[in-house]
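According to full-length UniProt numbering, the residues represented by the sequence shown are 1 to 259, in order. Notes to accompany the following structure.
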Amino acid sequence: MDPSCVDLHTTQHQGVQSWTSSLWNLAELLGLSNLLPKRRTTVDTLRSFVNYFDTTDLPSIEDAELKYLCIKEGESTYLEDNYPDDPDTLVGVANFTKHFASLKTQPTKMAEHFANILAEAPQLFGDVAADFIVQAGLSGMSEAYTMFIFPKDLSYNLYVQALPLVGEVINFMNDITSFYKEECENERHNLVSLMAEARGEPKIETLCYLVERCIQAHERTLRILSPYEGVRSNYENFVKGYLAFHLGAKRYRLSELDL
1 MDPSCVDLHT
11 TQHQGVQSWT
21 SSLWNLAELL
31 GLSNLLPKRR
41 TTVDTLRSFV
51 NYFDTTDLPS
61 IEDAELKYLC
71 IKEGESTYLE
81 DNYPDDPDTL
91 VGVANFTKHF
101 ASLKTQPTKM
111 AEHFANILAE
121 APQLFGDVAA
131 DFIVQAGLSG
141 MSEAYTMFIF
151 PKDLSYNLYV
161 QALPLVGEVI
171 NFMNDITSFY
181 KEECENERHN
191 LVSLMAEARG
201 EPKIETLCYL
211 VERCIQAHER
221 TLRILSPYEG
231 VRSNYENFVK
241 GYLAFHLGAK
251 RYRLSELDL
């Protein structure tokens, strides 16, 4: 185990238990509780939850939109993890939007690759979706993910009212599942830490509050999309996959909890 995490395991064990218990509630909301054993320990419960996800029927990598998504998220993750420590990333980020808007070549190879990825969005997605994807790429906001959920030929009017709530689900779920990694790495500039400080409460209380907000946004989204079974199914499948990605990716270090 990473020595930096020793204190986390010894002094915040109850906090981690509460966090995994909150993720159980999210699993119940997604309709997975009948596939999980009766509660024993929080770790056992979360382990069963993670093991539920089936990766044998993933979309074909030959799908152009999926290839685009993989490349875009790979580039985005690289930039996030290396800024501001990598000199090339530091140089490329500062004036990225200025160069992108003026159609000028970016100052670094990685920044130029990312600019080209954003420029390709209109070729693969509808006009509205492409606008959201480019905006999200420039701002770091969650709108791009909301556009990846729904097929290109699906009428925008069927899901537009749910987009703000879908954005909340995406953002909160990322904050919740990133908490352990950020605590291990002593990161303090994140939503949980900043909100806990502002509210004058322990981080675990703030984390549980965010779980409640995430679940509320998810339930409201389901109600809005309920008249359209196919649209709702697209959203539900995305949520399951998005959560499965965070639970399984090495980047989030959740394997250290013996899930």
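All C-beta atoms, glycine included, are put in the ideal place defined by N, C-alpha and C. Here the structure is a predicted model, which is why all the values come from computation and not from measurement.
Own chain residues within Cβ distance below 8 Å of residue i, not counting five before or after
i	result
Leu222	Arg232, Tyr235 and Glu236
Met110	Glu75, Tyr78, Leu79, Asp88, Thr89 and Gly92
Tyr252	Thr177, Ser178, Tyr180, Lys181 and His246
Supposed contact pair residue j and residue i - C-beta distance, whole angstroms, cut 8 Å
i	j	result
residue 322	Ile133	Residue numbering for the chain in the displayed model covers 1 to 259; residue 322 lies beyond these limits and cannot be assessed.
Ile170	Tyr68	18 Å between Cβ atoms; not a contact.
Lys104	Phe125	Their Cβ separation, rounded to whole angstroms, is 24 Å, which puts Lys104 and Phe125 out of contact at 8 Å.
Ala244	Phe172	With 8 Å as the limit, Ala244 and Phe172 do not qualify as a contact, their Cβ atoms being about 16 Å apart.
Neighbour-count burial assignment, residue i, 16 or more Cβ in a 10 Å radius
i	result
Tyr156	exposed
Lys98	exposed
Leu254	buried
Glu229	exposed
His189	exposed
Ala130	buried
Val128	exposed
Lys72	buried
Glu65	exposed
Glu183	buried
Closer than 7 Å: residue i CB and nearest the ligand SAM heavy atom
i	result
Phe96	The ligand SAM is not part of this structure, which contains no ligands at all.
Proximal residues to residue i (C-beta, below 7 Å), its chain only, five neighbours per side dropped
i	result
residue 273	Here the chain has residues from 1 to 259 only, and residue 273 is not among them.
Ala106	Reading off the sequence shown, one finds Gln at residue 106, where the question assumed Ala. Excluding positions up to five away in sequence, the list reads Gly92, Phe96, His99, Glu112 and Ala115.
residue 262	Residue numbering for the chain in the displayed model covers 1 to 259; residue 262 lies beyond these limits and cannot be assessed.
Phe148	Leu69
Pro202	Ala196
Phe238	Ile149
Gln123	none
6 Å CB neighbourhood of residue i in its chain, flanking five on each side removed
i	result
Leu159	Residue identity differs from the one stated: residue 159 is Tyr in this sequence, not Leu. Here the set comprises Phe150 and Val231.
Arg220	Leu165
Ala121	Ala130, Ile133 and Val134
- At what residue ranges does the segment 77-160 contain a whole run of the alpha helix (DSSP H), taking only runs of 4 or more? 87-94, 96-101, 109-119, 121-124, 127-139 and 143-149
- Task: At 4 residues or longer, and completely inside the segment 160-242: list those alpha helix (DSSP H) runs for me, N to C.
- Result: 163-184, 191-199 and 203-225
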